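Step one of this worksheet: look at the structure below.
In this note's numbering, the protein residues as written are 1384 to 1677.
Right, here's the structure in full:
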């Protein structure tokens, strides 16, 4: 096996033309450099230098070894530079898009912890129930709860996101015993003319419950449901954070969506983005059971 520690000594002598000069370049001693050259010559079974009146000169064997040693040195330096640059690359800005509910109730502690670990990385957070385009460079990283991804992006599909029917426990205790067989006497908190959600209500055990209000903001649905205003449709993770909410008896979870973390393909090579995506996926995966529901 090659003694790689001897190669720097070989190159230092080749450049300096003397053991003393090589020792000064390598911040070693004359004796150490000599021992390393002798060990390398013994290992190869050839003489690498000959002594002349003006110093040490490469032999034919030394000249043959020189380009290979230079190539090995360049590869090693490239590796060192790559490692040394990693911390410097863990800096800059990342644009993240997410829906407000996920951001307010799940992401805040994750982003705070990440900011503590990487103080030179800054997050620009866009909260919207719309979808920022990764292909058009409207965002760098996106958290989405969708059935399928149709953007030109790469990403990780983490787990199903369960959607269910929730209400406050005190509302259910008060209202369910006197409700009709199809929900008469109960109330839905309405999202408005959203076909998918209206279909959810029609397929539920309570299609005849009254749909009240038009409130497109899921966060307001959450607060109204907690206050006892009626039943509503929310992500299953709300129950873990707000235990006063219960999944309405007789209802099922819709797990046709999945939670994705997406990014532009070119950003996979950017260290700060890789760090952030890895951290984000790990943090969300720790709450997998809450997303899947029960």
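Even glycine gets a Cβ: it sits at the ideal position worked out from N, Cα and C. Please read these numbers as outputs of a predicted model, since none were measured by experiment.
Could you give the DSSP three-state label for residue i: helix, strand or coil?
i: residue 1637; result: strand
i: residue 1505; result: strand
i: residue 1530; result: coil
i: residue 1616; result: strand
i: residue 1413; result: helix
i: residue 1389; result: helix
i: residue 1519; result: coil
i: residue 1668; result: helix
i: residue 1621; result: helix
i: residue 1577; result: coil
i: residue 1442; result: coil
i: residue 1429; result: coil
i: residue 1524; result: strand
i: residue 1481; result: strand
i: residue 1715; result: No answer is possible for residue 1715: it lies beyond the span of the chain, which begins at 1384 and ends at 1677.
i: residue 1396; result: helix
i: residue 1421; result: helix
i: residue 1565; result: coil
i: residue 1582; result: helix
Between residue i and residue j, how many whole angstroms is the CB-CB distance? I'm expecting something under 8 angstroms.
i: residue 1542; j: residue 1657; result: Between residue 1657 and residue 1542 the Cβ distance is about 21 angstroms, and since that is not below 8 angstroms, they are no contact.
i: residue 1423; j: residue 1401; result: Going by Cβ atoms, the distance from residue 1423 to residue 1401 rounds to 17 angstroms, so no, they are not a contact pair.
i: residue 1526; j: residue 1506; result: Actually they are not in contact, since the Cβ atoms of residue 1526 and residue 1506 sit about 12 angstroms apart, beyond 8 angstroms.
i: residue 1473; j: residue 1503; result: 6 angstroms
i: residue 1551; j: residue 1628; result: 6 angstroms
i: residue 1546; j: residue 1645; result: About 20 angstroms; that fails the 8 angstroms criterion.
i: residue 1617; j: residue 1523; result: Contact flag wrong, Cβ pair sits at about 28 angstroms.
i: residue 1643; j: residue 1532; result: 6 angstroms
i: residue 1666; j: residue 1493; result: 4 angstroms
i: residue 1394; j: residue 1456; result: 6 angstroms
i: residue 1445; j: residue 1397; result: 7 angstroms
i: residue 1442; j: residue 1451; result: Not really, about 15 angstroms apart at Cβ, beyond 8 angstroms.
i: residue 1392; j: residue 1419; result: 4 angstroms
In this structure, what does DSSP give as the bridge partners for residue i?
i: residue 1629; result: 1550
i: residue 1476; result: 1505
i: residue 1591; result: Paired residues: none, contrary to the question.
i: residue 1660; result: Answer is none; residue 1660 lacks a bridge partner.
i: residue 1572; result: 1595
i: residue 1537; result: 1646
i: residue 1404; result: DSSP lists no partner for residue 1404.
i: residue 1434; result: 1439
i: residue 1510; result: 1481
i: residue 1542; result: 1642
For residue i, which residues from the same chain have a beta carbon less than 6 angstroms from its beta carbon, with the 5 sequence-adjacent residues on both sides left out?
i: residue 1659; result: 1477
i: residue 1510; result: 1483 and 1486
i: residue 1622; result: 1628
i: residue 1673; result: 1620 and 1623
i: residue 1588; result: 1633
i: residue 1614; result: 1548, 1550, 1571 and 1631
i: residue 1607; result: 1572
Within a Cβ cutoff of 8 angstroms, which residues of the same chain sit near residue i, ignoring the five residues on either side of it in sequence?
i: residue 1668; result: 1541 and 1542
i: residue 1331; result: The first residue shown for the chain is 1384 and the last is 1677, placing residue 1331 beyond what the model contains.
Got a sec? Which residues, its chain only, sit under 7 angstroms from residue i by beta carbon, not counting five neighbours each side?
i: residue 1466; result: With a pLDDT of only 49 at residue 1466, under 50, the local geometry of the prediction cannot be trusted, and the value read off the model is given with reservation. Nothing meets the Cβ criterion.
i: residue 1490; result: 1481
i: residue 1599; result: 1574 and 1575
i: residue 1664; result: 1539, 1541 and 1644
i: residue 1434; result: none
field: Any 3 or more C-beta pairs closer than 8 angstroms across the region 1583-1593 and the region 1550-1568
entry: yes
- request: Could you tell me whether the region 1595-1606 touches the region 1571-1587, where touching means 3 or more Cβ pairs closer than 8 angstroms?
  value: yes
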